[in-house]
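One structure is given here, and the rest of the page talks about it.
There are 2 protein chains.
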Amino acid sequence: MKPQRRIPAVAVRRLPLYLRVLEDLASEGVEVTSSADLANRSGYSSEQIRKDLAYFGAFGTRGLGYDVSQLTQHLRRILGLTAAVPVALVGAGNLGTALIRYASLGARDTYVAAVFDDDPQKIGTEISGLRVRPMEELQATLREQGIRIGVIAVPEQNARDVFEKLCAADVTAILNFAPTKLEKRQVSVQNVDLTTELQSLAYFALGAGSDRA
Amino acid sequence: MKPQRRIPAVAVRRLPLYLRVLEDLASEGVEVTSSADLANRSGYSSEQIRKDLAYFGAFGTRGLGYDVSQLTQHLRRILGLTAAVPVALVGAGNLGTALIRYASLGARDTYVAAVFDDDPQKIGTEISGLRVRPMEELQATLREQGIRIGVIAVPEQNARDVFEKLCAADVTAILNFAPTKLEKRQVSVQNVDLTTELQSLAYFALGAGSDRA
DNA sequence: GCTTGTGAAAACGTTCACAGCC
DNA sequence: GGCTGTGAACGTTTTCACAAGC
Chain L
463 MKPQRRIPAV AVRRLPLYLR VLEDLASEGV EVTSSADLAN RSGYSSEQIR
513 KDLAYFGAFG TRGLGYDVSQ LTQHLRRILG LTAAVPVALV GAGNLGTALI
563 RYASLGARDT YVAAVFDDDP QKIGTEISGL RVRPMEELQA TLREQGIRIG
613 VIAVPEQNAR DVFEKLCAAD VTAILNFAPT KLEKRQVSVQ NVDLTTELQS
663 LAYFALGAGS DRA
Chain A
463 MKPQRRIPAV AVRRLPLYLR VLEDLASEGV EVTSSADLAN RSGYSSEQIR
513 KDLAYFGAFG TRGLGYDVSQ LTQHLRRILG LTAAVPVALV GAGNLGTALI
563 RYASLGARDT YVAAVFDDDP QKIGTEISGL RVRPMEELQA TLREQGIRIG
613 VIAVPEQNAR DVFEKLCAAD VTAILNFAPT KLEKRQVSVQ NVDLTTELQS
663 LAYFALGAGS DRA
């Protein structure tokens, strides 16, 4: 519960992995864990984990470790995942479809609540029970459902336009798969560029070492 | 051409973006550029770009800037992309299909050369003209075609097995989409975890700022 | 005059090492 | 005795600032 300033984004991005490990532990019936155990299962060092957690408070018991269920709740609260968080997906292609399957199967914490596309062929069809909506419905749907997170899975040439529409619909965080630089004050953009990812891999394939996401 | 030691991986990962920007410039008919211009178009600072390039040599002309075509060639050579690099994809689901489309459409520098799956329903079918092969053919195909890069786009429970098979086939760099910690000496693993990506986005959606991939 | 290339400084993130507490 | 929480040390990455060169 202790307030702390200047939390590095890299630390925040590690939290969901800790959360996943904790969920695994819970499903194995483990009730108490340690930073050393979390380190083993996550691949990060125990000091790193303790530091990351310390940015947000003191959740453990010295000499004992962490209560799995309590720490899970803390991480959920910190990340804003106390209730499942709805996400809007723009782009109902293969990548979009893959994301719907991922997000609904794998994670219980976020889910795709609405899908949009501008292809008349796709509008009205269903993906995993979700009706693909026309772009015209975007703003109204997001407002109604209180969606603040958007995913851009459209071709490069449409990305900027979709970005503006998402911003206009008051989205505050975006996961962008298009290779386009998107920026706006008050909007956090996380880029995943599969093409450049593959290209840098070519370099590492030459003289390999190991690496962390 | 100057040799340099200790090149940070973060710098290498930025190079493909510079390469893309250069390709855009070339297609606009621009022949000479500057670090300031590249900065504008890439979102990184001009000093950052100059430093990144300096790890590999001195490619510019003081007072003038960089020759677009020359710098493009240098980056291709540095990244190991002088010829299009073949990549093996394991997992012919939606994500795999999306990657094939991405990698063949967007990028001229890497391409999916072979697809594998263990689902009899998928084996033998074609995706963008590529026949889906059974896992049994993996090692032979990769050896024959000299493929050193693999992409893991299979469900979590199969990821470790696929990883071992790719390593056995002498792959040296892997792009892993499964939420599984994969490690091996001499193999560079780049993880992309779409689920944790979405979850950390929930945090940034609360008090947004801007961010870089 | 303009832009690169680069040491030096600053900022940042990780690891160390241990005091504090069960 | 064991494990957390944390300041201090370390290493890495970014930014600064300017000399070098066209």
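Taken in sequence, the protein lines are chains L and A. Residue numbers for the first sequence follow our numbering, so the first one is 463 and each next one is one higher. Residue numbers for the second sequence follow our numbering, so the first one is 463 and each next one is one higher. For glycine and all other residues, C-beta sits at the position ideal for the given N, C-alpha and C.
For a Cβ distance threshold of 8 Å, residue set Gln661, Ser662, Ala664 and Tyr665 of chain L lies close to Leu541/A, ordered along the chain. Under the 8 Å criterion on CB atoms, Gly555/L is classed as interfacial with respect to chain A. Proximity of chain L to Gly608/A at the Cβ level (cut-off 8 Å) is not reached, the minimal Cβ distance being about 11 Å. The alpha-carbon separation between Arg593/L and Leu551/L amounts to approximately 12 Å.
For the pair of segments examined, the segment 505-519 of chain A was found to touch the segment 468-477 of chain A: the number of CB pairs separated by less than 8 Å reaches three.
Nearest to Cys629/L by C-alpha distance, out of Tyr528/L, Leu656/L, Ile614/L and Pro641/L, is Ile614/L. Excluding five sequence positions before and after Leu644/L, the CB atoms of its chain that fall closer than 6 Å to its own CB belong to Phe625, Asn638 and Val651, given in chain order.
Shown here, Val574/A sits in a strand according to DSSP, grouped into three states. DSSP lists no bridge partner for Gln661/A.
Within chain L, Leu656 have C-beta atoms less than 7 Å from the C-beta of Leu561/A, given in sequence order. What Gly505/A touches in chain L, judged by beta-carbon distance under 8 Å, is Lys643 and Glu645, going in chain order. One alpha carbon belongs to Ile562/A, the other to Gln601/L, and they sit about 32 Å apart. As the crow flies, the alpha-carbon of Gly542/A is around 15 Å from that of Leu479/A. In terms of beta-carbon proximity, Val616/A stays away from the interface with chain L, with every pair separated by 8 Å or more. When rounded, the separation of the alpha-carbon atoms in Asn556/L and Gly522/L is 43 Å.
If you look at Leu500/L, you'll find it in the alpha helix (DSSP H) that goes Ser497 to Ser504.
Between the alpha carbons of Ser508/L and Thr495/L lies a gap of roughly 12 Å.
CA-CA distance, Arg512/A to Arg622/L, rounds to 28 Å.
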